[in-house]
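Trainee: Numbering (the UniProt record's numbering), first residue to last: 1 to 276.
Even for Gly, the Cβ is constructed at its ideal location relative to N, Cα and C.
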């Protein structure tokens with residue numbers, strides 16, 4: 001456990017020391033909140049401030065989780081990963097340390113949006129809601145940090161990871177209903193959103209933030225549930241879906257990480273040339 005926490009703290013320090021990245025990642029979500037507030041108000045959403053902040057927050061947690069996984073590639077390029085692998089620490093602990101760091105950083109960023117959002121009208125009726133918000137952000141951070149770590153372990157190249165990361169982030173976020181309500185999508189995109197794990201992540205998180213106890217029709221209208229040909233996919237079902245995706249992603253990430261060859265590409269190429 002000490003090794004996991006040490007690796008986690010290292011990634012946290014590296015993130016906090018990069019002041020430009022820190023500033024951009026904390027300011028960008030508020031631009032989205034400002035732009036999207038009018039859209040949700042025009043759609044006559046109840047608790048429009050909470051609705052917008054919830055969507056932007058969970059999208060930010062998702063993007064941050066994936067971006068933090070890029071530190072794995074930086075560690076591979078710098079040779080740090082190879083030094084860690086020859087230590088007594090097993091690969092599962094290393095992978096879990098990376099996941100924990102990504103989840104904590106994503107949770108910190110998401111929580112900062114909520115703290116500032118309280119000055120713009122964000123509020124909760126139930127005192128335990130803020131605890132559920134914190135725990136759900138950490139869960140989402142773990143889930144998508146695992147996805148990011150899996151991608152980073154497979155790719156192992158910074159430029160390729162940026163391309164793959166954008167190809168993953170943009171469709172999943174914009175098809176999730178975090179920024180634009182799913183009800184406004186064309187039918188084809190609406191069907192695609194049903195197989196998007198971020199759709200269920202967004203509904204699950206919004207249901208917690210909005211403290212929704214309304215009818216099925218109200219939950220569907222507010223983007224907290226899906227009407228699948230008469231079957232209402234409720235928020236608690238979305239929570240189970242997110243948890244299930246987390247188990248799959250964490251398994252994929254840890255298994256791939258344990259089997260990966262983290263030798264630098266140039267060294268592998270030279271070795272291959274010597275053999276030939």
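For residue 185, does the three-state DSSP call read helix, strand or coil?
Mentor: DSSP places residue 185 in coil when its eight states are reduced to three.
Trainee: Would DSSP call residue 222 helix, strand or coil?
Mentor: It is coil, neither helix nor strand.
Trainee: Taking the straight line between their C-alpha atoms, what separation do you get for residue 104 and residue 232?
Mentor: Near 33 Å, if we compare the C-alpha coordinates of residue 232 and residue 104.
Trainee: Determine whether the beta carbon atoms of residue 199 and residue 177 lie at a separation below 8 Å.
Mentor: Taking 8 Å as the Cβ cut-off, residue 199 and residue 177 qualify as a contacting pair.
Trainee: For residue 111, which of 133, 82 and 259 has the nearest alpha-carbon?
Mentor: Of 133, 82 and 259, the residue nearest in Cα terms is 133.
Trainee: I'd like the span of the beta strand (DSSP E) that includes residue 73, first residue to last.
Mentor: Where residue 73 is concerned, there is no enclosing beta strand (DSSP E), although the alpha helix (DSSP H) it sits in stretches over 70-78.
Trainee: In the DSSP assignment, the alpha helix (DSSP H) including residue 124 goes from what residue to what residue?
Mentor: No alpha helix (DSSP H) holds residue 124; DSSP gives it neither H nor E.
Trainee: So, residue 65 versus residue 161, is the Cβ gap smaller than 8 Å?
Mentor: Their beta carbons are not under 8 Å apart, which means residue 65 does not touch residue 161 by this criterion.
Trainee: Under 6 Å Cβ to Cβ from residue 234, same chain only, skipping five residues before and after it: list those, please.
Mentor: Hits under 6 Å: 225.
Trainee: Let's see if you can read the secondary structure: which residues bound the alpha helix (DSSP H) around residue 163?
Mentor: Taken as a continuous stretch (DSSP letters only), the alpha helix (DSSP H) holding residue 163 covers 158-174.
Trainee: Considering only C-alpha positions, which residue in the set 163, 193, 82 and 205 is nearest to residue 114?
Mentor: For residue 114, the nearest C-alpha among the options comes from 205.
Trainee: Compute the distance between the beta-carbons of residue 321 and residue 140, then report whether it is under 8 Å.
Mentor: The requested residue 321 is not part of the displayed model; the chain covers only 1 to 276.
Trainee: CB-CB under 6 Å to residue 106, same chain, minus the five flanking residues each way: which ones, in chain order?
Mentor: Only 61, 64, 65 and 141 meet the Cβ criterion.
Trainee: Going by DSSP in three states, residue 227 sits in which element: helix, strand or coil?
Mentor: Correct three-state label for residue 227: strand.
Trainee: CB-CB under 6 Å to residue 3, same chain, minus the five flanking residues each way: which ones, in chain order?
Mentor: Excluding residues within five positions, the ones whose Cβ falls inside 6 Å are 89 and 93.
Trainee: Can you tell me whether residue 232 is helix, strand or coil according to DSSP?
Mentor: Residue 232: strand per DSSP, three-state reduction.
Trainee: Alpha carbon to alpha carbon, how far is residue 212 from residue 73? Give it in angstroms, no decimals.
Mentor: In a straight line, the C-alpha of residue 73 is about 41 Å away from that of residue 212.
Trainee: Which residues in the same chain as residue 209 place their Cβ atom closer than 7 Å to its Cβ, once the five residues preceding and following it in sequence are excluded?
Mentor: Result list for residue 209: 50, 54 and 133, in chain order.
Trainee: Could you tell me the distance, in whole angstroms, from the CA atom of residue 148 to the CA atom of residue 128?
Mentor: Using only the alpha carbons, I get a separation of about 30 Å.
Trainee: Tell me whether residue 249 is buried or exposed, calling it buried when 16 or more other Cβ atoms sit within 10 Å of its Cβ.
Mentor: Looking at its Cβ environment, which holds 16 or more other Cβ atoms inside 10 Å, residue 249 is buried.
Trainee: Below 6 Å CB to CB, which residues in the same chain sit around residue 44 once its five sequence neighbours on both sides are set aside?
Mentor: Because residue 44 sits at a pLDDT of 46, beneath the cut-off of 50, its placement in the model cannot be relied upon, and the following sentence gives the value as read from the coordinates. Within the same chain, residue 44 has no close Cβ partners at all.
Trainee: Measure the CB-CB distance between residue 155 and residue 168 and report whether it falls below 8 Å.
Mentor: Not in contact: residue 155 and residue 168 (Cβ atoms no closer than 8 Å).
Trainee: Pick from 242, 201 and 82: whose alpha carbon is nearest that of residue 223?
Mentor: Residue 201 is the option with its Cα nearest to residue 223.
Trainee: Check residue 90 in the structure and name its three-state DSSP category.
Mentor: Residue 90 falls in the coil class under three-state DSSP.
Trainee: Going by beta carbon distance, what residues of the same chain come within less than 7 Å of residue 14, once the five residues before and after it are set aside?
Mentor: Answer for residue 14: 71, listed in chain order.
Trainee: Please classify residue 101 as buried or exposed, where buried requires at least 16 other C-beta atoms within 10 Å of its C-beta.
Mentor: Buried, because 16 or more other Cβ atoms sit within 10 Å of the Cβ of residue 101.
Trainee: Is it buried or exposed for residue 135, if we count other Cβ within 10 angstroms and need 16 for buried?
Mentor: Classification of residue 135: exposed, given that the 10 Å Cβ count is below 16.
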